[in-house]
Amino acid sequence: MAYLRFDGRVAIITGAGGGLGRSHALELARRGAHVLVNDLGGALDGSGSSMSAADRVVDEITSFGGVAVSNHDSVATSDGGQAIVQAALDAFGRVDVLVNNAGILRDKAFHKMDHTMIDSVIDVHLKGALYVSQPALALMREQRYGRIINTSSASGLFGNFGQANYGAAKAGLAGLTRVLSIEGASHGIKVNAIAPIASTRMTQDILGDLAVKVSPESVSPLVAYLAHEECSVTGHIYSVAGGRVARIFVAETRGVVLSENTAEAVRDNLSRIDELDAEGYHHPSSLDDETTIIAQALLNVS
Ligand SMILES: NC(=O)c1ccc[n+]([C@@H]2O[C@H](COP(=O)([O-])OP(=O)(O)OC[C@H]3O[C@@H](n4cnc5c(N)ncnc54)[C@H](O)[C@@H]3O)[C@@H](O)[C@H]2O)c1
Numbered sequence: 001m002a003y004l005r006f007d008g009r010v011a012i013i014t015g016a017g018g019g020l021g022r023s024h025a026l027e028l029a030r031r032g033a034h035v036l037v038n039d040l041g042g043a044l045d046g047s048g049s050s051m052s053a054a055d056r057v058v059d060e061i062t063s064f065g066g067v068a069v070s071n072h073d074s075v076a077t078s079d080g081g082q083a084i085v086q087a088a089l090d091a092f093g094r095v096d097v098l099v100n101n102a103g104i105l106r107d108k109a110f111h112k113m114d115h116t117m118i119d120s121v122i123d124v125h126l127k128g129a130l131y132v133s134q135p136a137l138a139l140m141r142e143q144r145y146g147r148i149i150n151t152s153s154a155s156g157l158f159g160n161f162g163q164a165n166y167g168a169a170k171a172g173l174a175g176l177t178r179v180l181s182i183e184g185a186s187h188g189i190k191v192n193a194i195a196p197i198a199s200t201r202m203t204q205d206i207l208g209d210l211a212v213k214v215s216p217e218s219v220s221p222l223v224a225y226l227a228h229e230e231c232s233v234t235g236h237i238y239s240v241a242g243g244r245v246a247r248i249f250v251a252e253t254r255g256v257v258l259s260e261n262t263a264e265a266v267r268d269n270l271s272r273i274d275e276l277d278a279e280g281y282h283h284p285s286s287l288d289d290e291t292t293i294i295a296q297a298l299l300n301v302s
């Protein structure tokens, strides 16, 4: 099997000054990509900034003969998103791959969370991905080729105490992935998401014995595949940690068409509505597909 190379390809990795983003940047650069290493260089809670994090990763890449430039704009504003994509264009003339990875944490039980904790986390994770993806997608549409990888999280897809802001943003990224995969399909653009677990400054206090098994480097091979021309999937979300990769998908039960549509009928049929019956699952590929499934259920009943 041919080794997956990125010669002639240009990748933007946001938040690549450390942790997972640094690992993705090194992986793609080793495989020949020209990499824009973006990082604001702030603390885990988003405070402060420093150019050194991104610059250090660029030094690492150039030390093994790779090609990279740094960028220190924030993903969290529309101007920042434009500037990041423009920096890649200025340095390398095109953009083939975007990995939306930048992130911060402001955890607190929801009833104690103030609005700055909500705004800052939504701004970096969710709006950040929108703001960088939009100018990148415009270029990808023109060249009729592109790969976008969003970084979601089990926190938003499955739920986690103390992360209402973060979980909501990360679930939003799953929705963004689905929508952009549909919009990009006719232009050679594939958009997928990962929900990683890795030992970084974000998780250093919570992983316990698992920490040694789940290096950031163990996540990057999946990102490299999803970023490659040979990637055959779009709109998918993958759980990835320590070399284990699994698909996460949104499914719905077979459902029940209520003969009498009342609150009491919902109560009386809830166990059938909720029933997890593997044979009867639907996993709609789009809103259109979901509408077709509903139409079939309703039209079959009448
Ligand atoms: N580590 C895990 O187990 C885990 C689990 C699920 C999701 N994630 C996600 O993976 C991504 C990477 O996280 P990590 O664990 O490597 O943590 P990290 O803190 O090491 O990396 C995040 C990087 O993003 C940068 N950043 C923050 N705000 C930015 C902004 N406005 N503009 C540009 N860069 C900014 C930070 O400076 C930092 O270098 C995040 O989106 C995180 O939510 C991580």
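Anchor point for the sequence shown: position 31 equals 31 in this note's numbering, and the numbering is continuous, going up by one each time.
Positions of the beta carbon are idealized from the N, C-alpha and C atoms, including for glycine.
As the structure is a prediction and not an experimental result, all values here were calculated from the model.
Own chain partners of residue i with C-beta closer than 6 Å, once the 5 adjacent residues on each side are dropped
i: S239; result: A195, A246 and I248
i: A109; result: G162
i: S70; result: V37, A54, D55 and V58
i: G172; result: L126
i: I197; result: V214 and A241
i: A27; result: Strictly speaking, residue 27 in this sequence is Glu, with Ala absent from that position. The residues are S220 and A224.
Own chain partners of residue i with C-beta closer than 7 Å, once the 5 adjacent residues on each side are dropped
i: M113; result: A164 and N165
i: G32; result: R5, F6 and D7
i: G255; result: I273 and A297
i: A76; result: D123, V124, K127 and G128
i: S78; result: Y131
i: H282; result: A251, E252 and I293
i: G280; result: T253 and R254
i: D205; result: none
Spatial distance of residue i from residue j (CA atoms)
i: D107; j: L298; result: 43 Å
i: L226; j: H72; result: 25 Å
i: V219; j: G156; result: 19 Å
i: I12; j: D55; result: 14 Å
i: V223; j: G188; result: 18 Å
i: A91; j: A53; result: 19 Å
i: Q180; j: V191; result: First, the residue type needs correcting, since residue 180 is Leu and not Gln in the sequence shown. Near 6 Å, if we compare the C-alpha coordinates of V191 and L180.
i: S23; j: P216; result: 6 Å
i: H111; j: M1; result: 53 Å
i: S302; j: P284; result: Any answer about S302 is weak, because its pLDDT of 44 lies below 50 and its placement is not dependable; what the coordinates show is given next. Going from the Cα of S302 to the Cα of P284 covers about 23 Å.
i: L44; j: G81; result: 20 Å
i: S50; j: L40; result: 6 Å
i: E275; j: N150; result: 31 Å
i: G242; j: V214; result: 4 Å
i: T291; j: L176; result: 19 Å
i: R178; j: H236; result: 8 Å
i: A154; j: N160; result: 8 Å
i: V233; j: Q143; result: 19 Å
i: S286; j: E183; result: 11 Å
i: D288; j: G93; result: 37 Å
i: R244; j: L270; result: 35 Å
i: S259; j: A193; result: 39 Å
i: S152; j: A265; result: 37 Å
i: G65; j: S133; result: 28 Å
i: G146; j: A136; result: 9 Å
i: H115; j: V95; result: 35 Å
Residues bridged to residue i (per DSSP)
i: H34; result: V10 and V67
i: H282; result: E252
i: N100; result: N150
i: Y238; result: I194 and R247
i: I189; result: G146
Contact set for residue i: own chain, Cβ-Cβ below 8 Å, skip 5 residues either direction
i: F158; result: none
i: A68; result: A25, A29, H34, V35, L36, V37, V57, V58, I61 and T62
i: E230; result: L4
i: M202; result: G19, L44, G103 and L105
i: A295; result: none
i: L207; result: I197, S199 and V214
Identity of the residue in the options nearest residue i by Cα
i: L20; options: A91, G46 and N100; result: N100
i: A278; options: N261, E252 and S271; result: E252
i: V10; options: S120, I148 and D45; result: I148
i: A169; options: D205, S120 and S271; result: S120
i: I118; options: T200, I293, N269 and G46; result: G46
i: G42; options: V97, G280, L105 and I197; result: L105
i: A185; options: V212, D209 and M140; result: M140
i: V97; options: G66, S286, H228 and S153; result: H228
i: G48; options: E27, F64, G65 and S74; result: S74
i: A211; options: S199, D205 and V266; result: S199
i: G15; options: I84, N261 and I197; result: I84
i: L89; options: T116, A138 and G66; result: A138
Within-8 Å CB hit, residue i to chain D
i: L299; result: Among the chains in the structure shown there is no chain D, since it carries only a single protein chain.
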